[in-house]
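Trainee: Numbering-wise, the sequence shown is residues 0 to 780 according to numbering that gives the first Met the number 0.
Yeah, the Cβ is synthetic: ideal placement off N, Cα and C, and Gly gets one too.
Fair warning: this is a prediction, and the values are worked out from it, not measured in the lab.
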Amino acid sequence: MKCKHCQLSFKQNQMIVKNGNYFCCKGCESVYEILQENKLEEFYEKLGNQTLTPVVIEHVHKNYEKYIQKTKEGFSEIFLLIEEIHCAACIWLNEKILIKCDGVIDVDINSISHKARVVFDDNVISLTKILQSIESIGYKASVYLPTKNEQRATQTKRDFYAKLIVAIACVMNIMWISVAKYAGFFSGMEADIKDILHFAEFLLCSPVLFYTGSIFYKNAYYALKFKSINMDTLVISGASLTYVYSIWAMFSRSSQVYFDSVAMIICFVFVGKYLELLSKKKALDTLDHLRSFLVDEVRVLKNEKIENVDVEEIKIGDIIELKEGDRVLIDGVCISGNVSLDVSSLSGESLPIDMQKNDEIYSASLVLSGNALYEAKACYKDSKLAKIITLLENSSTKKAKIEKMIQQISGYFSPIILTCALLCFVFTFFVLNLSFEEAMVRMVSVLIIACPCALALATPVCSLIAISVGLKEKILFKEAGVVEDLSKCNIAVFDKTGVLTRASLEVKKYILDKELNKNELISFLHLTNHPVAKSILQFFNEKEYERLEFNNVQNFQARGYKAFFGNDEFLGGNEKFIKENNVKTEEFKNTHFVFVKNKKIMAVFELEDNIREYAKNLIKFLKKQNIQIYMLTGDNFYAADKVSKELEIENFKALCMPEDKMQAIDELNQQGKVLMVGDGVNDALALAYAGVGISLKEGSELAMENSDVVLLKNDLKSLQKSIELAKKTYFTIKQNLTFSLFYNALTIPLAFFGLINPLIAALSMSFSSIIVVLNALRIKK
Numbered sequence: 000m001k002c003k004h005c006q007l008s009f010k011q012n013q014m015i016v017k018n019g020n021y022f023c024c025k026g027c028e029s030v031y032e033i034l035q036e037n038k039l040e041e042f043y044e045k046l047g048n049q050t051l052t053p054v055v056i057e058h059v060h061k062n063y064e065k066y067i068q069k070t071k072e073g074f075s076e077i078f079l080l081i082e083e084i085h086c087a088a089c090i091w092l093n094e095k096i097l098i099k100c101d102g103v104i105d106v107d108i109n110s111i112s113h114k115a116r117v118v119f120d121d122n123v124i125s126l127t128k129i130l131q132s133i134e135s136i137g138y139k140a141s142v143y144l145p146t147k148n149e150q151r152a153t154q155t156k157r158d159f160y161a162k163l164i165v166a167i168a169c170v171m172n173i174m175w176i177s178v179a180k181y182a183g184f185f186s187g188m189e190a191d192i193k194d195i196l197h198f199a200e201f202l203l204c205s206p207v208l209f210y211t212g213s214i215f216y217k218n219a220y221y222a223l224k225f226k227s228i229n230m231d232t233l234v235i236s237g238a239s240l241t242y243v244y245s246i247w248a249m250f251s252r253s254s255q256v257y258f259d260s261v262a263m264i265i266c267f268v269f270v271g272k273y274l275e276l277l278s279k280k281k282a283l284d285t286l287d288h289l290r291s292f293l294v295d296e297v298r299v300l301k302n303e304k305i306e307n308v309d310v311e312e313i314k315i316g317d318i319i320e321l322k323e324g325d326r327v328l329i330d331g332v333c334i335s336g337n338v339s340l341d342v343s344s345l346s347g348e349s350l351p352i353d354m355q356k357n358d359e360i361y362s363a364s365l366v367l368s369g370n371a372l373y374e375a376k377a378c379y380k381d382s383k384l385a386k387i388i389t390l391l392e393n394s395s396t397k398k399a400k401i402e403k404m405i406q407q408i409s410g411y412f413s414p415i416i417l418t419c420a421l422l423c424f425v426f427t428f429f430v431l432n433l434s435f436e437e438a439m440v441r442m443v444s445v446l447i448i449a450c451p452c453a454l455a456l457a458t459p460v461c462s463l464i465a466i467s468v469g470l471k472e473k474i475l476f477k478e479a480g481v482v483e484d485l486s487k488c489n490i491a492v493f494d495k496t497g498v499l500t501r502a503s504l505e506v507k508k509y510i511l512d513k514e515l516n517k518n519e520l521i522s523f524l525h526l527t528n529h530p531v532a533k534s535i536l537q538f539f540n541e542k543e544y545e546r547l548e549f550n551n552v553q554n555f556q557a558r559g560y561k562a563f564f565g566n567d568e569f570l571g572g573n574e575k576f577i578k579e580n581n582v583k584t585e586e587f588k589n590t591h592f593v594f595v596k597n598k599k600i601m602a603v604f605e606l607e608d609n610i611r612e613y614a615k616n617l618i619k620f621l622k623k624q625n626i627q628i629y630m631l632t633g634d635n636f637y638a639a640d641k642v643s644k645e646l647e648i649e650n651f652k653a654l655c656m657p658e659d660k661m662q663a664i665d666e667l668n669q670q671g672k673v674l675m676v677g678d679g680v681n682d683a684l685a686l687a688y689a690g691v692g693i694s695l696k697e698g699s700e701l702a703m704e705n706s707d708v709v710l711l712k713n714d715l716k717s718l719q720k721s722i723e724l725a726k727k728t729y730f731t732i733k734q735n736l737t738f739s740l741f742y743n744a745l746t747i748p749l750a751f752f753g754l755i756n757p758l759i760a761a762l763s764m765s766f767s768s769i770i771v772v773l774n775a776l777r778i779k780k
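#1: Expressed to the nearest angstrom, what Euclidean distance is found between the alpha-carbon atoms of methionine 174 and asparagine 432?
#2: Nearest-angstrom Cα distance between serine 75 and serine 135?
#3: Have a look at alanine 438 and threonine 50 and give me their C-alpha separation to the nearest angstrom.
#4: Just list the residues that DSSP pairs asparagine 650 with in beta bridges.
#5: With a threshold of 16 other CB atoms inside 10 Å of the CB of phenylalanine 119, please say whether the residue is buried or exposed.
#6: What span of residues does the alpha helix (DSSP H) with tyrosine 742 cover, start to end?
#7: Measuring alpha carbon to alpha carbon, tell me which of Cys378, Leu570, Leu654 and Pro414 ends up nearest threonine 496.
#8: If you draw a straight line from the alpha carbon of alanine 385 to that of lysine 660, how long is it in whole angstroms?
#9: Can you give the Cα-Cα distance for tyrosine 560 and leucine 511, rounded to whole angstroms?
#10: Please work out which residues of its chain come closer than 8 Å, Cβ to Cβ, to glycine 572, disregarding the five sequence neighbours upstream and downstream, and give them in chain order.
#11: I'd like to check one pair, leucine 724 with valine 468: are the Cβ atoms closer than 8 Å?
#12: With 16 other CB atoms within 10 Å as the buried threshold, where does glycine 316 fall?
#13: Grab me the residues of lysine 779's own chain with a C-beta within less than 7 Å of its C-beta, minus the 5 sequence neighbours each way, in chain order.
#14: If we count Cβ pairs, one from each stretch, closer than 8 Å, do we get three or more for the stretch 203–212 versus the stretch 158–165?
#15: Please classify alanine 782: is it buried, with 16 or more other beta-carbons within 10 angstroms of its beta-carbon, or exposed?
#16: I need the boundaries of the beta strand (DSSP E) containing phenylalanine 569, first residue and last residue.
#17: For tyrosine 509, name the three-state secondary structure that DSSP assigns.
#18: Exposed or buried, what is phenylalanine 576 when buried is set at 16 or more other beta-carbons lying within 10 Å of its beta-carbon?
#19: From aspartate 682 to leucine 710, what does the alpha carbon distance come to, in whole angstroms?
#20: Suppose contacts are defined by Cβ-Cβ distances below 8 Å. Is phenylalanine 738 in contact with valine 771 by that definition?
#21: State the DSSP-derived secondary structure class of glycine 497, mapped to helix, strand or coil.
#22: Taking only the alpha-carbon atoms, compute the straight-line gap between isoleucine 474 and alanine 614 and give it to the nearest angstrom.
#23: Under a three-way DSSP split, which group does glutamate 359 fall into?
#24: So, do the stretch 616–629 and the stretch 644–653 have three or more beta carbon pairs nearer to each other than 8 Å?
#25: Quick one: give me the first and last residue of the alpha helix (DSSP H) that valine 531 is part of.
#26: Distance check for isoleucine 610 and aspartate 678, CA to CA, integer angstroms please.
#27: Strictly by DSSP, which residues pair up with cysteine 333?
#28: Reducing DSSP to helix, strand and coil, say where tyrosine 43 ends up.
#29: For valine 492, which option in Lys533, Leu621, Val430 and Asn756 has the closest C-alpha, if you only look at C-alpha atoms?
#30: Taking a contact to mean a Cβ-Cβ separation below 8 Å, would you say cysteine 169 touches serine 132 in this structure?
#31: With H, G and I counted as helix, E and B as strand and the rest as coil, what does DSSP make of serine 141?
#32: Output needed for arginine 441: all residues of its chain with C-beta closer than 6 Å, excluding positions within five of it in sequence on either side, in chain order.
#33: Hey, how far is the Cα of asparagine 581 from the Cα of glutamate 568?
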């Protein structure tokens, strides 16, 4: 007797009976009732004859609340790993049961990694309730941790490799038998010998079809279950028809057998799939390299003792020990000791960097020599390394527009080809009055030679390779669709300070009041990462000073900031901000910074921009590409005019507030595709509104979060490379699509009229997919 839920067989006297249904355990009974209550009985139709693991419901959860993040909309977001998923029906059920829960906003489960992204309102539903909902239908959920979860890609590659070896070994032997068989056609062969050779081909063909070809059967089965037809349906239909016909021909001895063609068809198509798998894996090698930094534990100083602590348990303020050979996972500041760090993985800096007290240490660095203690300034999930890995893992989730269009075309392609194959059989057998064998061979050739695979591969493989090449060049594309968008941009908008000019301005003039306390000024400047503040700190070059702890710090975008120390009020910013706070000051033509204590000006600094290296070459490149150039800056007119003249930028606007930049971008969006390059907090709105937002690595966290591309090298040459890479990728995509459409238009009629046999059809179909992949790999050069 089969259990109503898991469909495993048990003795009837061991089972639970309820309402005429049999269950192997209380867990399966509970899940069945939940599905009935939620009207999700359709799950059992989608499951088919597959079996499930008996349900064991455990309501024991670890403290997962710390892994919850906030989305831009203010909702809670968490990534879970769902175990016991067997097929597409399992994914469907989990998504349905979660989305039915009050408070769950969005659910997305990756069919390969089984990683689930769940967005929910924590005022309506708790994380514990979400986990219990998943467990209540027989699955296990835990927080997705990159440091602990095994990668499924490696296992998939091993499975593919084993199947490929079996296919190649069998095909090679079938080829030798075929040589003997075809030689016998000319020199003569006894019927018994011919039968033995046919049976040997049958024995060698079967494992190729049913073991190596199992992936085709599986994909075709799920496609039909969800009422669709894909490339695997076409391949396995043709191969199976040929296999059945050959068995009949072998036992009836009335016609030729095609076991060799069946084996070679499966082998050649599977080789194409294997090369596709390798190309995708190669495209993500850089991500694998970043993952190699991940370890489970770091050494933390607690109660004057060094203890190993889980990296996910690290809190801001913890003191971490670094020794030679360690990999840095947490961002922080060195408090003692000296270390030499290799930071090439993210910054592109080829030479080691020496770190000492008060220097910032970033994750993804490798300790080459020395020992140090540093204070954690971020949790693991907020470190630069973790953020970049998360962005890369999700970079292919947003498909390019052209890829969505191709997927729609592919959806119609396979049914049309299946119809053409049936028409070919009818036309050949009933109209031309050719033999059943000839009609079947032509039909199989049409099924096999058609290649929606090449059409479907044209865009995603190119996008994957572009993302990989970009990261090797220290260019981080957050999503695959960004590559296509960037290639179409015809308007470029730049912020000035920190983008077209160096982030570190040069102090040209300064006035210091006699009563100025340098500790107050330096501590106040440390409250922001604005390029002006950094430049003044560099001017003073004071490493040893008494750090003051300000409170009630307020930031006024593009103007300045305010803070208090005890009863003293401190202001710092531009002329406009100082006047807004009822402090009289002179007018300035250059970039400037005024420091005020209790309404009295204590220091004034005038700074000048230094044009960033490669800025002039970049502007010339953009003009050659017929891209319009604009500059929007919060700086004054005189400073903006000076830079625009030096770089030959005709269109610029000064004294821009964040809202002004956003409005300007919104207006330019009406004229074309806008590329916005910025690095500050005041650029965040503009970056979000632009068609493509690009920020520099040393920019603010808010700017990087709202951008689509991050230049990890922090130079403008990377910007030119990113545009060149995007244009080359899009051109390659169009080449692949043209080839795919031309290939299908040429070969399908040839197969229809019997000019191509199934073996040649399989070869050419695989060859077309391989050409698409090889052409995409040219992007790497």
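Mentor: Taking the geometry as given:
#1: Across the structure, methionine 174 and asparagine 432 are spaced so that their CA atoms are roughly 32 Å apart.
#2: Roughly 22 Å between the two C-alpha positions.
#3: In this structure, the CA atom of alanine 438 is about 40 Å from the CA atom of threonine 50.
#4: According to DSSP, asparagine 650 bridges with Tyr629.
#5: Counting the other CB atoms within 10 Å of its CB gives phenylalanine 119 a total of 16 or more, which places it among the buried residues.
#6: It spans 715–751 - the alpha helix (DSSP H) in which tyrosine 742 sits, taken as one unbroken run.
#7: Of Cys378, Leu570, Leu654 and Pro414, the residue nearest in Cα terms is Leu654.
#8: In a straight line, the C-alpha of alanine 385 is about 31 Å away from that of lysine 660.
#9: Rounded to whole angstroms, tyrosine 560 to leucine 511 spans 20 Å at the Cα level.
#10: For glycine 572, where only same-chain residues beyond five positions count, the Cβ hits under 8 Å are Phe555, Arg558, Gly559, Tyr560, Phe592 and Val593.
#11: Taking 8 Å as the cut-off, the beta carbon of valine 468 is found closer than this to the beta carbon of leucine 724.
#12: Burial call: exposed.
#13: Sequence-distant Cβ neighbours of lysine 779 in its own chain, meaning closer than 7 Å and more than five residues away, are Ile464 and Val468.
#14: With the cut-off at 8 Å, the stretch 203–212 and the stretch 158–165 touch.
#15: In the structure as shown, the chain starts at 0 and stops at 780, and residue 782 therefore has no counterpart that could be examined.
#16: Taken as a continuous stretch (DSSP letters only), the beta strand (DSSP E) holding phenylalanine 569 covers 567–572.
#17: Three-state result, tyrosine 509: strand.
#18: Buried is the call here.
#19: Straight-line measurement puts the Cα of leucine 710 at about 15 Å from the Cα of aspartate 682.
#20: In this structure, valine 771 lies closer than 8 Å to phenylalanine 738 by Cβ.
#21: Helix.
#22: Using only the alpha carbons, I get a separation of about 17 Å.
#23: Looking at glutamate 359 - three-state DSSP - the assignment turns out to be strand.
#24: By the Cβ test, the stretch 616–629 is in contact with the stretch 644–653, since at least three Cβ pairs between them sit closer than 8 Å.
#25: It spans 530–539 - the alpha helix (DSSP H) in which valine 531 sits, taken as one unbroken run.
#26: The C-alpha of isoleucine 610 is placed about 15 Å away from the C-alpha of aspartate 678.
#27: As DSSP reads the structure, cysteine 333 sits in a beta bridge with Tyr373.
#28: In this structure, tyrosine 43 counts as helix in the three-state DSSP scheme.
#29: The candidate whose alpha carbon is nearest that of valine 492 is Leu621.
#30: No, they are not a contact pair.
#31: Residue state for serine 141 is assigned as strand, using DSSP reduced to three classes.
#32: So the list reads Cys423, Thr427 and Gly753, once near-sequence residues are dropped.
#33: Each residue's Cα considered, the two are about 13 Å apart.
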